[in-house]
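Trainee: Following our numbering, the numbering of the sequence shown begins with 736 at its first residue and continues without gaps. Ideal Cβ positions, reconstructed from N, Cα and C, are used throughout, including at glycine. Note that the structure is a prediction, hence the values are computed from the model and not measured. Take this structure first; my questions come after.
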Amino acid sequence: AVYRRSFVPSINRPTDERTSDRLMRILVFGGYPDPPNTFRGSWVYTPVVNSWYRLPFSSHSHPADRTGHTMVSLCETTVVLFGGFQDRERYVFHDTWLFDGIREQWKKLEVKLDGHYLTPLAFHT
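Here it is, written out as structure tokens:
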């Protein structure tokens, strides 16, 4: 999913359009590198500088490893993740997470419809 993040140029970077404070970034989470194992990492790609970096795990919460989930940009700095599948446990998720592109942190949301959690879904759009 695409988001934007405030960016402070480092002293080692040239000051040009690549160091603007509104760089577009692409967030990738999870995946299926080695069945039945799923991947839990968050990776960020910045197209204008053609670079990837992995977000470090911290004391903040983050989604469980999964594949087959949906991620959509809500606005310039926020991405929502829903559902997915964990093959190792044969589990289909019904959780919803927000990714804050400014803080680069995940936050779990408690989303219910008529008092019930959403139907677990995987491999949906």
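Suppose the cutoff is 7 Å on Cβ atoms and the five residues either side in sequence are ignored; what does the same chain contact list for K843 look like?
Mentor: Sequence index remark: in the sequence shown, residue 843 carries index 108 (1-based). Cβ within range, chain order: S796, D830, W832.
Trainee: Determine, using beta carbons only, whether V763 and Y788 come nearer to each other than 8 Å.
Mentor: Indexing the sequence shown from 1 puts residue 763 at position 28. Indexing the sequence shown from 1 puts residue 788 at position 53. No; because the gap between Cβ atoms is not below 8 Å, this pair is not in contact.
Trainee: Check the DSSP bridge columns for Y767 and list the partner residues they point to.
Mentor: Mapped onto the sequence shown, residue 767 falls at position 32. In the DSSP output, where bridge partners are listed per residue, Y767 has none listed.
Trainee: Have a look at P782 and T860 and give me their C-alpha separation to the nearest angstrom.
Mentor: If you number the sequence shown from 1, residue 782 lands on position 47. If you number the sequence shown from 1, residue 860 lands on position 125. Rounded to the nearest angstrom, the two C-alpha atoms are 24 Å apart.
Trainee: Taking the continuous beta strand (DSSP E) assigned at T813, which residues delimit it?
Mentor: Within the sequence shown, residue 813 is the residue found at index 78, counting from 1. That run of the beta strand (DSSP E) goes 813 to 817.
Trainee: Check the C-beta distance from T854 over to D835 and give it rounded, since I have them as a contact under 8 Å.
Mentor: Position 119 of the sequence shown, counted from the first residue, corresponds to residue 854. Position 100 of the sequence shown, counted from the first residue, corresponds to residue 835. Rounded, the Cβ-Cβ distance is 26 Å, inconsistent with contact.
Trainee: Under 8 Å by Cβ, that's how I've got D822 and G765 pegged, so tell me the actual separation to the nearest angstrom.
Mentor: Here the question's residue 822 lines up with position 87 in the sequence shown. Here the question's residue 765 lines up with position 30 in the sequence shown. The Cβ separation is near 12 Å, so there is no contact.
Trainee: Report the rounded CA-to-CA distance for G819 versus M759, giving the unit in angstroms.
Mentor: As a position in the sequence shown, residue 819 is number 84, starting the count at 1. As a position in the sequence shown, residue 759 is number 24, starting the count at 1. C-alpha separation (whole angstroms): 25 Å.
Trainee: Please list the terminal residues of the continuous beta strand (DSSP E) segment that includes V779.
Mentor: Here residue 779 is taken as the residue at index 44 of the sequence shown, counted from 1. Its beta strand (DSSP E) spans residues 777 to 781.
Trainee: Hey, how far is the Cα of F858 from the Cα of D849?
Mentor: Position 123 of the sequence shown, counting from 1, holds the residue named residue 858. Position 114 of the sequence shown, counting from 1, holds the residue named residue 849. If you take the alpha carbons of F858 and D849, they lie about 24 Å apart.
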